[in-house]
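Protein chains in written order, with this note's numbering: chain A, -8 to 621; chain B, 361 to 696; chain W, 32 to 175.
Below is one structure, written out as structure tokens; comments come after it.
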Amino acid sequence: MIPDRAHLDRLDRSWRDPPGFWGFLTTVDHKRIAARYIVTALFLMFLAGMLALDMRWQLSVPENTRMGPQLYNESFSLHGSTMLFLVSVPLMEAMAFWLVPLMLGARNMAFPRLGAFSFWLYFGGVLCLWIAHAADITPDLGWFEYPPLSGPAYSPGHRADIWAQMITFTEVAALAASVNVAATILKMRPPGMTMARMPVFLWAMLIASIMTILSMPAVMLVTSMLIADRLVSTHFFSPAGGGDALLFQHLFWFFGHPEVYIIFVPATGFVSSIVETFSRRKLFGHSAIVLSMMSIGALAFGLWVHHMFAVGLPRLGNDFYTAASMAIALPAGLQIFCWIATVWSGRLRLATPMLWVLGFVATFVIGGLSGVMTASAALDLQLTDTYFVVAHLHYVLIGGAMFPLFGAFAYWYPKATGRLMSERWGSIAFIGIVGGFNLGFMPMHFLGLMGMPRRVYTYPPGMGWETLNQIATLGSAVAILGGLVFVANALWSYRHGQPAGSDPWGGSTLEWASPSPPPAFNIAYTPVVRSLTPMWDEGPGLPAMDGLGLDRREVLITSVTAAVPLYRQKSAGPSIWPLASSLAVSAMFIGSIFTPWAIAIGAAPIAATLTGWFWPDRPRAGSDAPRAGA
Amino acid sequence: MAWSAMKRRIALVPGAVLAALTGACAGIQSPLAPASDQAFALHDLLILMTVVCGLIYLLVIAGLVWSVLRARQHAKRAAAAPVDDSALDRSLIASAVIIVTGLTVLIFGSFLADRALLAARAEKAMMVRVTGHQWWWRIEYRNPATGRWVETANELHLPLGRTTRVELASNDVIHSFWVPNVSGKIDMIPGRRNMLDLTPRRSGWFRGACAEFCGAQHAHMALDVRVDDPVAFDAWLAGQAEAARKAQGPGEALFALHCGSCHAVRGTPANGRAGPDLTHFAARRLIAAGTLPMTRGALQGWIAQPQALKPGTAMPAVPLRPAEADAVASYLAALR
Amino acid sequence: MLIVLALAGCSQEARRLVPGPPQTAPNGNADPRIPAYQENLYQISQGGRYFAWYGCSACHGEDAAGPANLADGDWRHGGGFANVFAVIGERHAGQDYAARTPVEQRWQLTAYVRDLSRHHAEKRRRIMLDQKAEPQGSAWLGPQ
């Protein structure tokens, strides 16, 4: 069905945002929200990268007096907290926000206002941490602040509370985003997209969302317990008061380990999409990849003690966690096999996104194998808390998440903007980033094996660490230059890039059916899906379904397993209540850093804004009477 | 015993290669230069893991390169050939078998190494208690001769060939005891007592470090470790057990007045417990937990302005007149 | 107002770990250096640690009564900064705290002591629980 002008105009009128600043504040368009997430997170990645460069500069020379211990401790704490809580997970959520409705042929997410709320609350967390940094109250105890160091006695003031509350912000936002993504994937698939016909990308986002929902409460709980210890004299982590310092570690890492897989699993989704498109064949081992992702998701919850091997827990228990931690290499390895096999049996087109996938495999596998080494409870006693682990975590996070993210950015950029990024500058950026990264972090494996501990603001001369540290600094600088080239490419291509149609790469999944950039309503008709690769199998005419209303916002709800259409659901329109309620929640969170009364007092504005949010303003479902706007 | 000694020698070959690559020949703070039973067990495991993981990585890269080259070749064909994945399905199963085999080998190797770490017989082990403070180490030996505790700080001596059982505790925040040449690390957690068995096999000086972020001066919390043959060790311990020699001059009185609230010198009125025991201070190699060498100049600089050398340290800058400072430094330099 | 809050937050949380010039006794209760100690949480917390290490908590502990109770806000010799400073150094007959405690540390001790009465006993207790293993000067009874 070719939509006519009138059809498109009516859709546009229902789905577009109010103009100007009011539209900016009230939008619930998943694409705009995702764009905000991405811009904010990329800017924070730049800031955290600057912190890293500062630290690397400090460590180039032994007994360097350029940075004192306080400044250095603040730097690595801010770098770690920003990258893990404010950049990695939000970027993955943002890619889900942006792509999931497009890949489902849906018009918006399941809970549009909740999506806006999760961005504003995330932004509140960003401000909480970085305004504190601007005011020189930066948390300085690392990205996981173990008590008693972060307890009331050894960390006076509010720095530790600011860190803990930033986590509360970002974790509530992540929870909201994950619920949204999971509900969308489960209930808003196009007719015919049974679970067996769901692309791997959607499986990845679904599994990551479920993992988030199950693990985030642990970290919210533990940071709230820390604030309670510091503010209202509980003794959760105070041994003399009957508490246990290890309780913090268990609760934190119960979240902390799934967290890194929450960052990794969406990346496997990106890689699967890119590999399929650029090998020009259906992804090999679809079931194997999906089952591997599920096992990674499940196993990830049984590994957390490997962060605590040096703590002195019973040895047989440690060996169990060794076995579990090594076992997770099996599904990860099978996924890599399947991707390589897809390439092997395909007809490769080596464009920038595919380059990033190659860089990912070469880099992430190093990280995975150094992870297998640290997974050994015995060997970890030599490797943990040294630069070996710093190398490992950067190889898996940057190699395993950032490289696929850059590839995904290059891959879906034409869909988002209607223009292609420059291939030449993309390759230059790739070489800079991947080469610089490996030059920067490979030496750290050796530094750890040569005995250099982590989180030290300087080291003594005569240990033989100088040369490797300088190579690491050089590599990091090259990688950051490469990153700047990447960003410059993205900015330049926005105006001057070669125009791309709706499907420049010849993709297989539904997001390539909508125009580039997609209009506010994403797609004119709901597609009907009959295979895993609808864009390839249906030729030029994608079967579609008509019937969603044009004059009010409507989305199609289908059943969970068989994707049978069930009913039309009114979709929420632009609203100020997400912003208002996130302001109220932010006020309560920030207040509770200083006094427990903030929780009681802050509940009132929250209740008020939530009442506004849920105030019914629509007739019962089923009314077909055209209504203007929402 | 002979087998493990031979294994050790075999394992030293790739270890030496690794060491040459990393320039860790100096290796006084390195897992690559093992000097005890425990460190050897971990070194063997490291070699095993590096070899297995290295092989797997080479396989993956070979597969990737082959696939890219083959697929570029096939890209020149206009249309897709019909896809028959049965060969790939068999390869998938084969790769699963390879991965599982590799992981099983590594898990088993890790388990055996873990058992080796605990294999040290500790019936007549020397008992040492090491307590972590911000940012120094309190070391207390249980003197086997008298059964009494002998206290020192920042410099740990171990008898060669005998097992020492180290009891690890913390005074304030979480620290971690790590002497890589001698063993893996174990955390020192307030409210918990962790045990570590060490059986050194090579004498010499080694360096340890605190391996859990413990605050501002975590970077300057090093542990000087000396492994001595048993005769020399016993003599050293006997010397440490004695009280300080009576000193001439005003230094002792000045020290007791200005420094005695935090530092102890047994046999004098100075009996503070907040800072390291200084009874045999001048017999140590380093000052301030490995921050400075034991020289007169470094000592006077440390006493005059510790915040300049270790900013954030708990030791205050005690204002002394030059003559007083000289007297105190001379007094300390005589405390062997 | 945000700026005011930010500035107030600045000095309260500031932590400069650098050597300073040798300190001198405060010049009366309005010495301009006083807020850098009295309003600074790090200095007060350091004062709290030295309070234990110099043995003050042996007599001025939680269950101290009468003049030894420093948390009751009752200053017998005046509650100004310089007053309390002088009492620590000079008015402990028999203990030469003026010589035993460096001037810089006595500033921190003074700030801590004057801060005690401004907070609930709860706050002191939770800090002391964490510092329970810290040696308490002459109250230390020897190794266990």
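Think of the CB as a built atom: it goes at the ideal place given N, C-alpha and C, for glycine as much as any other residue.
Listed in chain order, the non-local C-beta contacts of ASP589/B below 7 Å within the same chain comprise LEU520, SER563, local neighbours out to five positions each way being set aside. The Cβ of GLU135/W sits closer than 8 Å to at least one Cβ of chain B.
Membership of PHE160/A in the alpha helix (DSSP H) is indicated by the continuous run 150 to 178. DSSP places THR517/A within a strand segment (E or B) once states are collapsed to three. Distances from the CA of GLY530/A to each of GLY497/A, PHE512/A, ASP235/A were compared; the closest alpha carbon is that of GLY497/A.
Put simply, the CB of MET409/B is near chain A, with a gap under 8 Å to one of its CB atoms.
With a cutoff of 8 Å on beta-carbon distance, ASP152/A and SER68/A are scored as not near each other. GLN577/B and PRO52/W have their C-alpha atoms some 21 Å from each other. As DSSP reads the structure, GLU511/B sits in a beta bridge with GLU500/B. In the DSSP assignment, ASN460/A falls outside any beta strand (DSSP E) and within the unbroken alpha helix (DSSP H) covering 457 to 487. About 12 Å separates the CB atoms of ALA83/W and GLN139/W; that is not less than 8 Å, and the two are not in contact. Taking a contact as a CB-CB distance under 8 Å, the pair ALA85/A and ALA25/A counts as one, their CB atoms being some 5 Å apart. Chain-order list of chain W residues neighbouring SER543/B: empty, with the shortest C-beta distance near 24 Å, by a criterion of under 9 Å. Rounded to whole angstroms, the gap between the alpha carbons of ARG137/W and GLY78/W is 8 Å. Contact of GLN373/A with chain B is assigned, a C-beta pair being separated by under 8 Å. Just measuring C-alpha positions, the residue of MET159/W, ALA164/W, LEU160/W, ALA45/W sitting nearest GLN61/A is ALA45/W.
Put simply, the backbone Cα of ASP637/B is about 17 Å away from that of VAL585/B. Separation of LEU466/B and THR651/B (C-alpha to C-alpha, rounded to the nearest whole angstrom) is 39 Å. No Cβ of chain B is located within less than 8 Å of the beta carbon of GLY97/W. Taking a beta-carbon distance threshold of 8 Å, VAL118/W does not count as an interface residue toward chain B. In the three-state DSSP reduction, SER361/A falls in the helix class (H, G or I). The DSSP-derived three-state label of TRP538/B is strand.
Think of a sphere of 7 Å around the beta carbon of VAL678/B: the chain W residues whose beta carbon falls inside it are PRO133, in chain order. Counting along the chain, the unbroken beta strand (DSSP E) around TYR558/A starts and ends at 556 to 561. Taking 4 residues as the minimum length, the alpha helix (DSSP H) runs contained wholly in the region 331 to 403 of chain A are 343 to 366, 368 to 374, 378 to 385, in order along the chain. Annotation for GLY398/A: ILE265, PRO344, TRP347, VAL348 place their beta carbon closer than 6 Å to its own, counting only its chain and skipping 5 residues before and after. Around the beta-carbon of ARG498/B, 16 or more other beta-carbon atoms lie within 10 Å, marking it buried.
For CYS570/B, the enclosing beta strand (DSSP E) starts and ends at 564 to 570.
Positions of the alpha helix (DSSP H) runs, each at least 4 residues long and wholly inside the region 546 to 625 of chain B, are given as 590 to 601, 611 to 618 in order along the chain.
Contact between the region 111 to 121 of chain A and the region 568 to 578 of chain A is present: 3 or more CB-CB pairs across the two stretches fall below 8 Å. Closest by C-alpha distance to ARG486/A, out of THR408/A, ALA589/A, PRO230/A, MET285/A, is THR408/A. DSSP places PRO249/A in the helix class (H, G or I) of the three-state scheme. The beta carbon of ALA668/B sits closer than 8 Å to those of GLY661, all from its chain and outside the five residues before and after it, given in chain order.
LYS406/A counts as buried, since no fewer than 16 other beta carbons sit within 10 angstroms of its beta carbon. Using a Cβ-Cβ cut-off of 8 Å, ALA576/B counts as an interface residue toward chain W, since at least one Cβ of chain W sits closer than that to its own. Within chain W, the residues placing a beta-carbon under 9 Å from that of SER224/A are HIS151, GLU153, LYS154, ARG156, ARG157, LEU160, ordered along the chain.
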